[in-house]
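K.L.:
Residue numbers (the numbering used here): 15 to 159.
For every residue, glycine included, the Cβ atom is placed at its ideal position computed from N, Cα and C.
Below: one structure in structure tokens.
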Ligand SMILES: [Zn+2]
């Protein structure tokens with residue numbers, strides 16, 4: 015292994031180590047602001063369609079989280095471990111979370127009764143959605159290039 019850093023990683027999964035052995039942090043490029051959160055440009059059109067659909071059925075989605083830094087994910091993990099009811103599920107490891115790339119967004123649906131309808135629409139347009147984690151919407155696939 016070279017003992018000097020000679021450029022950005024070949025792949026975006028951070029697998030290429032620094033000379034000291036720590037993984038090179040993955041920093042997503044080109045995040046965009048969308049209704050108070052930061053997301054990847056690829057996710058933006060999907061969220062816009064969800065919001066348009068929500069408006070159509072007289073509901074709305076309050077977006078609370080998109081891209082997260084590793085520190086923000088660690089804070090979420092600590093809140094989960096301390097029993098914070100607003101974090102009912104253990105967060106994925108940062109490396110596996112699509113919040114790491116801005117390819118996932120969390121949003122609360124109002125009224126609550128519309129949550130499953132909006133989730134079904136999310137699946138219909140090609141997003142990943144699961145009724146056990148109804149606030150979470152993500153792009154399919156690996157989630158990063
Ligand atoms: Zn999420």
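Going by CA-CA distance only, name the one from 134, 110, 155, 119 that's closest to residue 49.
P.N.:
On the chain shown, residue 49 is found 35 positions in, with the first residue counted as 1. Minimum Cα distance to residue 49 is reached at 119.
K.L.:
Helix, strand or coil for residue 83, going by three-state DSSP, please let me know.
P.N.:
Locating residue 83 in the chain shown gives position 69, where the first residue counts as 1. Correct three-state label for residue 83: coil.
K.L.:
Within 8 Å of any Cβ in chain B, is that where the Cβ of residue 111 sits?
P.N.:
Absent from the structure is chain B; it holds one protein chain and no more.
K.L.:
Could you check whether residue 150 and residue 122 sit closer than 8 Å to each other, using their CB atoms as the reference points?
P.N.:
Walking along the chain shown from the start, residue 122 turns up at place 108. Walking along the chain shown from the start, residue 150 turns up at place 136. No, the pair does not count as a contact, with Cβ atoms beyond the cut-off.
K.L.:
Across which residues does DSSP place residue 152 in a beta bridge pair?
P.N.:
In the chain shown, residue 152 corresponds to position 138, counting from 1. According to DSSP, which records beta bridges pairwise, residue 152 is partnered with 118, 142.
K.L.:
Spatial neighbours of residue 103 within its chain, please: CB distance less than 7 Å, with the 5 preceding and 5 following residues excluded, ordered by chain position.
P.N.:
As a working note, residue 103 is residue 89 in the chain shown. These residues qualify, in order along the chain: 147.
K.L.:
Tell me which residues pass a beta-carbon proximity test against ligand 1: closer than 6 Å to any heavy atom, given in chain order.
P.N.:
Ordered along the chain, the selected set is 113, 118, 120, 150.
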